[in-house]
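Report on the structure given below.
There are 2 protein chains.
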Amino acid sequence: MINITLPDGSVRSYENEITAKDVAKDISEGFARNVISAKFNDKVIETATTLTEDGSLILYTWRDNDGKKAFWHSSSHILAQALEELYPGVKLTIGPAIENGFYYDVDLGEYTISDKDFKSIEAKMLEIARGKHDFKMKSVSKADALSFYKNQVNEYKVELIENLEDGDITFCDHSTFTDLCRGGHIPNTGIVKAVKVLSVAGAYWRGDENKKQLTRVYGISFPKQKDLKEYLELLEEAKKRDHRKLGKQLELFTFSQKVGQGLPLWLPKGTSLRNRLEDFLKKAQQKAGYEMVITPHIGQKELYITSGHYAKYGEDSFQPIKTPKLDEEFLLKPMNCPHHCEIYNSKPWSYKELPKRYAEFGTVYRYEQSGELHGLTRVRGFTQDDAHIFCTPDQLDAEFKKVIDLVLYVFGSLGFDNFTAQVSVRDLENPEKYIGAPENWEKAEQAIINAAKDKSLDFVIESGEAAFYGPKLDFMVKDALGRQWQLGTIQVDYNLPERFELSYKGSDNELHRPVMIHRAPFGSMERFIAILLEHTAGNFPLWLIPEQVIILTISEKYEKYAEKVLNLLENNEIRAHVDNRNETMGKKIRDAELNKIPFMIIVGENEEKENRISVRRHGGEDLGMISVVDFSEIVENEISKTLKQF
Amino acid sequence: MINITLPDGSVRSYENEITAKDVAKDISEGFARNVISAKFNDKVIETATTLTEDGSLILYTWRDNDGKKAFWHSSSHILAQALEELYPGVKLTIGPAIENGFYYDVDLGEYTISDKDFKSIEAKMLEIARGKHDFKMKSVSKADALSFYKNQVNEYKVELIENLEDGDITFCDHSTFTDLCRGGHIPNTGIVKAVKVLSVAGAYWRGDENKKQLTRVYGISFPKQKDLKEYLELLEEAKKRDHRKLGKQLELFTFSQKVGQGLPLWLPKGTSLRNRLEDFLKKAQQKAGYEMVITPHIGQKELYITSGHYAKYGEDSFQPIKTPKLDEEFLLKPMNCPHHCEIYNSKPWSYKELPKRYAEFGTVYRYEQSGELHGLTRVRGFTQDDAHIFCTPDQLDAEFKKVIDLVLYVFGSLGFDNFTAQVSVRDLENPEKYIGAPENWEKAEQAIINAAKDKSLDFVIESGEAAFYGPKLDFMVKDALGRQWQLGTIQVDYNLPERFELSYKGSDNELHRPVMIHRAPFGSMERFIAILLEHTAGNFPLWLIPEQVIILTISEKYEKYAEKVLNLLENNEIRAHVDNRNETMGKKIRDAELNKIPFMIIVGENEEKENRISVRRHGGEDLGMISVVDFSEIVENEISKTLKQF
């Protein structure tokens, strides 16, 4: 008898050994048809693997991330076979599944591959796939494995095998192809119905720039042609929305080789946007009882030794700043919290004065390898919409709810309607991993869960995902292209209050440690604006967009009237400017469209005579000839639809 | 015949040698009575010195800085004699005049001096002064000078003399006292009518902490008792207004040993004040056509090599920040201009698009020795209200006028009514010292002078005071205590446009170099707020002060009514909060006075019944029981008196 436990907790008992696939069939034939991979007792297996003992079984379909992983890993075998057949003698190295698709690193020898070759590779892959070859795992002795690849003169696989233990080595066969492989495949190649070779790039063997440069072939595959089509459309749309491209086109930010990589320079329009975003949050924060502070961008090394950040960021980040005096050393701040702890520590507190909520748009600096930098999403200097709340353990519950309100207000005002939350709590089996009293942890975790429930969040609880210093709540936002981004963190901290010896006098007249909450609804201004740019394709909410209106003159004769209209709009706090260039109306409208300006106002003879304006929306909708007052009302109404009072 | 040229250019000819004093008498007996020191051919002389050749003579009275210097230097001789007489055997070292008064460093041997001894030193000094002893210079051979001080067993003077050239050594005698001295005295001790020993401090011989610690005795002296009295009152008032004291009392900013010296942490009230000040300037700048930008606080070392700042700040400042990758080095930015040049350089410009005016509240970092740090006026990190205007040479005139308008608007809104300006131009005799075409310099200097005249500034022109890269205009502001502060600089720059190869396409379709203007009306936010704090003694202009109103409840019963009043005030954008502590009204009023809150609103039974408020001004004036509406109007009127629209 073997007992198989399924994820829902149900147990199925079988008299004999049974394959994962057969368990699936036992559940339902229809389900079994969709099962493409499995995990048994936390170990990836094949669906054909025979289960010989009791254990937990998870069966995956394409809809699961683990299912996709097996699908793409298997597809990389097909890619490898195709490459071997098309380019005889190439040497294979490794070929894993990645977040979207897979790649294979190959030593092409004398061959080169360019995008002209992608079609024929795809055709060969599909030909192999259609053969419906089963993926079959087999154990191989180290000696046999080495001899197999020495025979192929593949020094890369030989090197890989030399580092493996004899007895742990497996190969995977399908069709005429064999590869060194740890397992985790779909049943057969026939499930792969659509493939696309996406790109080729250089990649060093083992990521070491002193070693041989290989060719990395990226691809993706799907169980349906339709899925591939959708994916390619998404890719196309994502390319159009790339914030680096839009940021340049809309003149929001730039980079300078002289200033340095990963250090954005905010251009006037980007600064205006960013300042408006900051002012929006400042206003809400003021209402929520936050107080703004300003702290320097450096601190003595000792400050970060106290906080523990030096141990964390020290070696891999910007190095200490020495001074002409030898015993003074400073660090660029990687976080604002130590400074805020020192502000808290600048005077004694009574429980009656708590919570204190210190907020700062604090710019922090962290070194990233230049290869990891990416537009505004991965930079070396960024500004956090940071705040630290110092409160008593009893205040945690109320404070957490208030922070969630603020985060939801921010998301709502910016058009992120699709999000989930994750509560990260302790691993109760390893209590020694965490700092802080268990009763406080209990209180904090309950506070977070209560708050999440109270605010009707769609959330999951993840055990063991808490940081060693406290539990937290993260928001995951889905953008217009369906991509997930982690935005907005609320984190409880028992560690820094200890390290900085923070205290307050309780009603018992004794000194107690406050609890600290770190929170940042945007996270980083840079990353948030990048995501917002891609989410909206540059069509920012009307209240936020740098230029709301452009006034297009039919000819230079109407400049004066245009100026009059501009003044009226400015009096109504509408951000506008005049395009009085000596260009055709068609050209002016095209430029305004490119610049994503929500409203175009056209002024000419009729408009001036009637003291009105002709209004056209971005995208083409014609609002006709109306008064400036009516137009202002339209703008105001539109803004109040997304931008509510906090 | 000798010809003596006076500062007004007039020449007086004498048949024989003549003393400086006699030239003064020749001008006017009355003037001569006030002359206390002189300079001949740029060399400090005594008034009794005989002029034996043609040359330029300047005669100084107490009103001149050079006169004060001679007065205080002479007073340090009197102090030295007094110390020798009171503490026989002390060893004198050096005793110069300083900005306010003088000091003498002495090796007191077994003696100590504390403030209890100041009275007797002052008495002894006045006794010597009243003797009307002439100060008499004499040349001494090196051998005689050494033997004089070896005889006294004064190793300090011996060390000083050993470093002097034989033939260059002079002593000064007065009364029974002799001192090694280079000269520059008032005629006799009798002119000193009032003296004050201010403090004693430790000071290392030759400023070297490995050498012997001496006692530095600070003093000041005046030609009239009344002057001393006024000075001491000013000192007392300045102490009360010390921004470090007020900043702590009003909870504006703090420092932390852990974060580091000279790195201010802005507390909530200070941040609110500073943000309001920044917003005020932002608003005016927006109207004046500036565009805000944001740039990082670091830049690659190469950036500052290009700009020339590395050569200027490199060795003495914060050292380069190394990274895990060896070939990358960054610097904390000492100035914002290089970053703004790179923003200008991020796209090509046409003359039609100029001027570009980039503004940023940019925080910069410069290392200062810890001994030189002082509250917010001398710090290691500060935020400039920086802007850089890129314009054509022809636009300089108009741009300069606009910048002056902005600076005057800032001063006016903050109660600095008393200021002068200085235009620093080239030294025409040394044209090789300057970068940039002479015709552009001519244009720029004329533009500045025209603008200063046009705006009716009280200004002086200083030849040779321009920086090598361009002429400038500085504003000197007098505060409420009559102290002068340099605030607001407008600087033309021909250098950075060259170094960064900035260009624009002119109407001739050729590339030209723009001119750059650096300007900062506040200078540094930190220093400006410190000066404003001392100028106003913390009684900031009503529009700026963090807390405009405090609502004092007569008892806790009226908390609800107080909250209602608070809401009404907040709706009228008046910054208020409630003091509902269980304290007496007297105590609440005293605390509000200490916190410099301009208006106190008292609410109790009568007020609630009549739906009114009792209002008391800071300082005591009673405005009676009025409605919230009337009160709001008073506040609004008061604000609009100082804060005008730009």
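Going down the list, the protein sequences come from chains A and B. If you read the first sequence in our numbering, its first letter stands for residue 77, the second for the next number, and so on. If you read the second sequence in our numbering, its first letter stands for residue 77, the second for the next number, and so on. Each residue gets a CB set at the ideal place from its N, CA and C atoms; glycine is no exception. Computed from a predicted model, the values in this text were never measured in an experiment.
Out of curiosity, what's the CA-to-CA distance linking M661/A and E602/B?
The residue labelled residue 661/A in the question sits at position 585 within the first sequence. The residue labelled residue 602/B in the question sits at position 526 within the second sequence. Answer to the nearest angstrom: the Cα atoms are 50 Å apart.
Look at A96/A and I121/A and say whether their C-beta atoms are less than 9 Å apart.
In the first sequence, counting from the first residue as 1, residue 96/A sits at position 20. In the first sequence, counting from the first residue as 1, residue 121/A sits at position 45. For A96/A and I121/A, yes; Cβs fall inside 9 Å.
Spell out whether any CB of chain A is found under 9 Å from the CB atom of M368/B.
For the purposes of this step, residue 368/B is taken as residue 292 along the second sequence, with counting starting at 1. With a threshold of 9 Å between beta carbons, M368/B makes contact with chain A.
CB contact check: I397/B to chain A, cutoff 9 Å
Translated into positions along the second sequence, residue 397/B becomes position 321. Interface criterion met: the Cβ of I397/B is under 9 Å from a Cβ in chain A.
Which residue comes first and which comes last in the alpha helix (DSSP H) that contains H611/A?
Working through the first sequence from its first residue, we reach residue 611/A at position 535. Run containing H611/A: 601 to 612, per the alpha helix (DSSP H) assignment.
Reduced DSSP category for N141/B - H, G, I as helix; E, B as strand; rest coil:
For the purposes of this step, residue 141/B is taken as the residue at position 65 of the second sequence. Three-state DSSP puts N141/B in a helix.
So, are the CB atoms of A100/B and V87/B less than 9 Å apart?
Indexing the second sequence from 1 puts residue 100/B at position 24. Indexing the second sequence from 1 puts residue 87/B at position 11. For A100/B and V87/B, no; Cβs fall outside 9 Å.
Expressed to the nearest angstrom, what Euclidean distance is found between the alpha-carbon atoms of A364/B and G323/A?
Within the second sequence, the letter at position 288 stands for residue 364/B. Within the first sequence, the letter at position 247 stands for residue 323/A. Using only the alpha carbons, I get a separation of about 26 Å.
Could you confirm whether any beta carbon from chain B is found closer than 9 Å to the beta carbon of H319/A?
Start at 1 with the first residue of the first sequence, and residue 319/A comes out as number 243. Taking Cβ atoms only, chain B never reaches closer than 9 Å to H319/A, which makes this a no.
By DSSP, does E367/B sit in helix, in strand, or in coil?
For this step, residue 367/B is matched to residue 291 along the second sequence. Note: E367/B maps to strand in three-state DSSP.
Here's a check: name, in chain order, each residue in its chain whose Cβ is nearer than 7 Å to the Cβ of G76/B, leaving out the five neighbours to either side.
Residue 76/B falls outside the range modelled here, since chain B spans only 77 to 722, and no answer is possible.
Can you name the residues of chain A whose CB is closer than 7 Å to the CB of E418/B?
One-based indexing of the second sequence puts residue 418/B at position 342. Here the neighbours are S332, K334, V335, L341.
Note down, in chain order, each residue of its chain lying with its Cβ closer than 8 Å to the Cβ of V499/A, except the 5 sequence neighbours on either side.
Within the first sequence, the letter at position 423 stands for residue 499/A. Answer for V499/A: E521, I524, I525, A528, F535, V536, I537, E538, P547, K548, L549, listed in chain order.
Determine the direct distance from the alpha carbon of L578/B to that of E436/A, and round the result to whole angstroms.
As a position in the first sequence, residue 436/A is number 360, starting the count at 1. As a position in the second sequence, residue 578/B is number 502, starting the count at 1. Between the alpha carbons of E436/A and L578/B lies a gap of roughly 35 Å.
List, in chain order, every chain B residue whose beta-carbon is nearer than 7 Å to that of E639/A.
Residue mapping note: residue 639/A aligns to position 563 of the first sequence, counting from 1. The contact set of E639/A on chain B, defined by CB atoms closer than 7 Å, is empty, because the minimum CB distance reaches about 15 Å.
Can you look up A114/A in the DSSP assignment and give me helix, strand or coil?
Against the first sequence, residue 114/A aligns to sequence position 38. Strand.
Below 8 Å on the Cβ atoms is my contact criterion, and I expect V711/B with I650/B to pass it. Report the Cβ-Cβ distance as a whole number of Å.
Within the second sequence, residue 711/B is the residue found at index 635, counting from 1. Within the second sequence, residue 650/B is the residue found at index 574, counting from 1. About 6 Å separates the beta carbons of V711/B and I650/B, which is inside the 8 Å limit, making them a contact pair.
Is L341/B closer than 9 Å to P590/A when the C-beta atoms are compared?
Here residue 590/A refers to the residue found at position 514 when the first sequence is read from its first residue. Here residue 341/B refers to the residue found at position 265 when the second sequence is read from its first residue. Judged by beta-carbon spacing, L341/B lies beyond the 9 Å limit of P590/A, meaning their Cβ atoms are not closer than that value.
From Q460/B to N671/A, what distance separates their C-alpha atoms?
Taking the first residue of the second sequence as 1, we reach residue 460/B at position 384. Taking the first residue of the first sequence as 1, we reach residue 671/A at position 595. Their backbone Cα atoms lie some 32 Å apart in a straight line.
Output yes if chain B places a C-beta closer than 9 Å to the C-beta of I438/A; else output no.
Position 362 of the first sequence holds residue 438/A. The sequence given here places Gly at residue 438/A; Ile does not occur at that position. No, because no Cβ of chain B sits closer than 9 Å to the Cβ of G438/A.
Going along the chain, which residues of its own chain have a beta-carbon closer than 6 Å to the beta-carbon of V654/B, five neighbours each way excluded?
Counted from its first residue, the second sequence places residue 654/B at position 578. In chain order, I627, A638, L642 place their CB closer than 6 Å to the CB of V654/B, counting only its own chain and leaving out the 5 sequence neighbours on each side.
Would you list the one or two residues that DSSP bridges to K214/B?
If you number the second sequence from 1, residue 214/B lands on position 138. Bridge partners of K214/B: F247/B.
Could you tell me the distance, in whole angstroms, from the CA atom of T496/B to the CA atom of L563/B?
Within the second sequence, numbered from 1, the residue matching residue 496/B stands at position 420. Within the second sequence, numbered from 1, the residue matching residue 563/B stands at position 487. Between the alpha carbons of T496/B and L563/B lies a gap of roughly 10 Å.
So which residues of chain B does S348/A contact, with C-beta pairs closer than 9 Å?
On the first sequence, residue 348/A is found 272 positions in, with the first residue counted as 1. For S348/A, the chain B residues whose Cβ falls inside 9 Å of its Cβ are E367, M368, in order along the chain.
In the DSSP assignment, find the unbroken beta strand (DSSP E) run with E436/B in it and report its ends.
For the purposes of this step, residue 436/B is taken as residue 360 along the second sequence, with counting starting at 1. Boundaries of the beta strand (DSSP E) around E436/B: 432 to 441.
Please classify M701/B as buried or exposed, where buried requires at least 16 other C-beta atoms within 10 Å of its C-beta.
One-based indexing of the second sequence puts residue 701/B at position 625. When all chains shown are included, M701/B counts as exposed.
Assign E448/A to one of three DSSP states: helix, strand, or coil.
Here residue 448/A refers to the residue found at position 372 of the first sequence. Helix at E448/A.
Would E731/B pass as a contact of K388/B if the rule is Cβ separation under 9 Å?
Shown here, chain B extends from 77 to 722; a query on residue 731/B therefore has no answer.
Interface flag, N421/A vs chain B, CB-CB below 9 Å
The residue given as residue 421/A occupies position 345 in the first sequence. Contact of N421/A with chain B is assigned, a C-beta pair being separated by under 9 Å.
By how many angstroms is the C-alpha of T128/B removed from the C-alpha of K321/B?
Residue numbering aside, residue 321/B sits at position 245 when the second sequence is read from its first letter. Residue numbering aside, residue 128/B sits at position 52 when the second sequence is read from its first letter. Looking at the two C-alpha atoms, the distance is approximately 55 Å.
Supposed contact pair K531/A and L484/A - C-beta distance, whole angstroms, cut 8 Å:
Along the first sequence, read from residue 1 onward, the residue named residue 484/A stands at position 408. Along the first sequence, read from residue 1 onward, the residue named residue 531/A stands at position 455. Yes, L484/A and K531/A are in contact; Cβ-Cβ is about 7 Å, under 8 Å.
Interface partners of D379/B on chain A, CB under 7 Å
To locate residue 379/B, count along the second sequence from 1; it is residue 303. Here residue 379/B is Leu; the residue named in the question, Asp, does not match the sequence. Correct list: K334, V335.
Examine chain A for any beta-carbon lying closer than 9 Å to the beta-carbon of T453/B, and answer yes or no.
For this step, residue 453/B is matched to residue 377 along the second sequence. No - not a single Cβ of chain A is within 9 Å of the one on T453/B.
Are G32/A and T629/A touching if we call contact CB-CB under 9 Å?
No information on residue 32/A is available, as it lies outside the stretch 77 to 722 that chain A covers here.
Quick check on DSSP: helix, strand or coil for R282/A?
Translated into positions along the first sequence, residue 282/A becomes position 206. Of the three classes helix, strand and coil, the one that applies to R282/A here is helix, per DSSP.
Just list the residues that DSSP pairs G546/A with in beta bridges.
Translated into the one-based positions of the first sequence, residue 546/A becomes position 470. Answer is A543/A, bridged to G546/A.
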